[in-house]
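Under numbering that gives the first Met the number 0, the letters of the sequence shown match residues 0 to 518, in that order. Heads up, the beta-carbon is just placed ideally off N, CA and C, and yes, glycines get one too. Accompanying notes for the structure given below.
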Amino acid sequence: MGEPFYITTAISYPNGKPHIGHAYEAIAADVIARFQRAMGRDVRFQTGTDEHGLKMMQKARDLGITPKQLCDGMSSYFIAMCDNLDVSYDVFIRTTEERHHTASQELWRRLEANGDLYLDRYEGWYSVRDEAFYDESELVAGEGGDKLSPQGTPVEWTVEESWFFRLSKYAEPLLKLYAEQPDFIQPDGRRNEVLRFVEGGLRDLSVSRTSFDWGVKVPGSDGHVMYVWVDALTNYITGLGFPDETGDFANYWPANIHLIGKDIVRFHTVYWPAILMSAGLALPRQVFGHGFLLNRGQKESKSLGNVTDPLELAERFGVDPLRYFLMREVAFGQDGSYSPEAIVTRCNAELANSYGNLVQRVLSMIFKNMDGTLETFSSAEADDVLLATVFAACRDELPREFAAMNFSGGIDAWMRGVFACNAYVDEQAPWTLRKTDPDRMRAVLLTLFMAIRDLTIAIAPVVPTSASKVLDQLGIPADERSYAALTGADWYMARVATGEKLGAPVPAFPRLELPEDAA
Ligand code: ME8
Numbered sequence: 000m001g002e003p004f005y006i007t008t009a010i011s012y013p014n015g016k017p018h019i020g021h022a023y024e025a026i027a028a029d030v031i032a033r034f035q036r037a038m039g040r041d042v043r044f045q046t047g048t049d050e051h052g053l054k055m056m057q058k059a060r061d062l063g064i065t066p067k068q069l070c071d072g073m074s075s076y077f078i079a080m081c082d083n084l085d086v087s088y089d090v091f092i093r094t095t096e097e098r099h100h101t102a103s104q105e106l107w108r109r110l111e112a113n114g115d116l117y118l119d120r121y122e123g124w125y126s127v128r129d130e131a132f133y134d135e136s137e138l139v140a141g142e143g144g145d146k147l148s149p150q151g152t153p154v155e156w157t158v159e160e161s162w163f164f165r166l167s168k169y170a171e172p173l174l175k176l177y178a179e180q181p182d183f184i185q186p187d188g189r190r191n192e193v194l195r196f197v198e199g200g201l202r203d204l205s206v207s208r209t210s211f212d213w214g215v216k217v218p219g220s221d222g223h224v225m226y227v228w229v230d231a232l233t234n235y236i237t238g239l240g241f242p243d244e245t246g247d248f249a250n251y252w253p254a255n256i257h258l259i260g261k262d263i264v265r266f267h268t269v270y271w272p273a274i275l276m277s278a279g280l281a282l283p284r285q286v287f288g289h290g291f292l293l294n295r296g297q298k299e300s301k302s303l304g305n306v307t308d309p310l311e312l313a314e315r316f317g318v319d320p321l322r323y324f325l326m327r328e329v330a331f332g333q334d335g336s337y338s339p340e341a342i343v344t345r346c347n348a349e350l351a352n353s354y355g356n357l358v359q360r361v362l363s364m365i366f367k368n369m370d371g372t373l374e375t376f377s378s379a380e381a382d383d384v385l386l387a388t389v390f391a392a393c394r395d396e397l398p399r400e401f402a403a404m405n406f407s408g409g410i411d412a413w414m415r416g417v418f419a420c421n422a423y424v425d426e427q428a429p430w431t432l433r434k435t436d437p438d439r440m441r442a443v444l445l446t447l448f449m450a451i452r453d454l455t456i457a458i459a460p461v462v463p464t465s466a467s468k469v470l471d472q473l474g475i476p477a478d479e480r481s482y483a484a485l486t487g488a489d490w491y492m493a494r495v496a497t498g499e500k501l502g503a504p505v506p507a508f509p510r511l512e513l514p515e516d517a518a
């Protein structure tokens, strides 16, 4: 087993069906998880749903059902979304599970034992939509002059008895953490925002509520449930078996990456590390705040009528094309935009016409002109140059960029490998060699066979199903598809030795059509 690598997504509020932002985050986390597995790491990947709090309770009330019924019904859509999009999670956690209540209460007791909790009265602004407390100074004026949170959501004046966490005590330790571990918060722009916020000093945080009961009960304090964010953040350790600190917890904690959206960076880089410090637990290595996905440049909302069901998109265009588009089109960390036209244009140009077509042409020629037989051959300089180019893209550039969370850059390097193959096909013109120099034709096609195998292994984390379809056709064994398998040419000799012939190829990357109603 390789070195452990623990990655988590945010846990989603299941107060409605999953939207494209949820799908984007799950796909990005899955690409990272598959990439790290291909790099030989022992990956643990967790996602789930965040089921407590006022927002869930109010939604259930509006629907005339209990919060539990709402959670049970809606969380199944999130599980189905992950399954349909080939998201290879190991644990799907629901915060209403008993193990999560146990973990949250134990964490609470540790904060208490450390003297970091006290009872007082909370008076201030609360946004149910953000499930967040705001300072008067943070509020902005809405169009009608009413007060809104910095995210533009309504706030209400709240007065109640509450437990407080001594967050103010952790401002200095947090600043020290950001200084000593500069990539704790990524990308850098988000890091600067957090630094400015903490440098301004921190107020103690209200961490319990008494006006409703849909939450984890505060141990030893009747009538109090935990503030939803305190229990939500705990999910990352619940899934590892906390409070048992042996087993999975010992193996996978601290997390390598908490992947979250830009709107919830403060909770993960201020509250969460402070809570962990207080509880005497190790801190995650990195919190990465990705950007928001916009529909033709606009935020999706029910009032604009532009809400897209991610599973419908996947059904229209295919899961792999959707995954490819999202990782390729959006500079990871920044906001990005999508539209059916952009998906079709990008996937047709790159996946179907450049790469898919290359695979299809080469495998057809090997099948037709060489009876599908793989053999040893003597290469010319042009072949070595091509393989070296493809090798550098697949073995060095793509993994380097993916490790740095630059997915579009990594895919760009990969495309350069694909272009090099297409240029080589045009130059070498194997269809002409067929008559003039059949030996040379064989060398050209077999060089391309080797290049295609490398390109396919490299891109597999992004397009797992199509890649394995191609690798199956190439006859590459399932246990020889990691990045480590990209070294050397021994694999080719072993593949030849099997004597297995290639069959007639089946296209793995069909061209996409733009549905008429989307034009
Ligand atoms: O925030 N594009 O849940 P959530 C990209 N329960 N990402 C988006 C997005 C968009 N348009 N809209 C939302 C919560 N997200 C809490 C998290 S974690 C301990 C608790 C992202 O359902 C958002 O930034 O509102 C977050 O990372 C995730 O989707 C879930 O959002």
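- By the CB criterion at 7 Å, F331 and M404 fall inside the cutoff.
- For S126, the three-state secondary structure derived from DSSP is strand.
- For the region 373-412, the full-length alpha helix (DSSP H) segments reaching 4 residues or more read 380-390 and 397-402 along the chain.
- If you look at L470, you'll find it in the alpha helix (DSSP H) that goes P463 to L473.
- In this structure, the beta-carbon distance from N347 to L511 falls below 7 Å.
- Straight through space, the alpha carbons of Y23 and L325 are spaced by roughly 7 Å.
- Put simply, of P460, G371, M440 and K434 the residue whose alpha carbon is nearest the alpha carbon of P398 is P460.
- The DSSP-derived three-state label of V42 is strand.
- Assigned with DSSP and collapsed to three states, D115 falls in coil, not helix or strand.
- Here F164 is actually not in contact with R265; their C-beta atoms are around 14 Å apart, not less than 8 Å.
- Restricted to the region 259-320, the alpha helix (DSSP H) segments that are unbroken, complete and at least 4 residues in length are 271-278 and 309-316, listed in chain order.
- Under the DSSP definition of a beta bridge, I342 lacks any partner.
- Per the Cβ contact rule, the region 89-102 is not in contact with the region 163-181 (fewer than 3 Cβ pairs under 8 Å).
- Of the residues assessed, P476 falls on the exposed side of the cut-off, its CB having fewer than 16 other CB atoms within 10 angstroms.
- By the neighbour-count definition (other C-beta atoms within 10 Å, threshold 16), T375 is an exposed residue.
- For the options V306, A442 and G288, the alpha carbon positioned closest to that of G296 is the one of V306.
- G335: member of the beta strand (DSSP E) spanning G335 to Y337, first to last residue.
- The Cβ atoms of L110 and S336 do not sit closer than 7 Å to each other.
- Ranked by Cα distance from A9, the first of A37, E380, V224 and Q45 is Q45.
- Per DSSP, the continuous beta strand (DSSP E) segment holding Y5 begins and ends at P3 to S11.
- For F291, the shortest separation between its Cβ and any heavy atom of the ligand ME8 lies below 6 Å.
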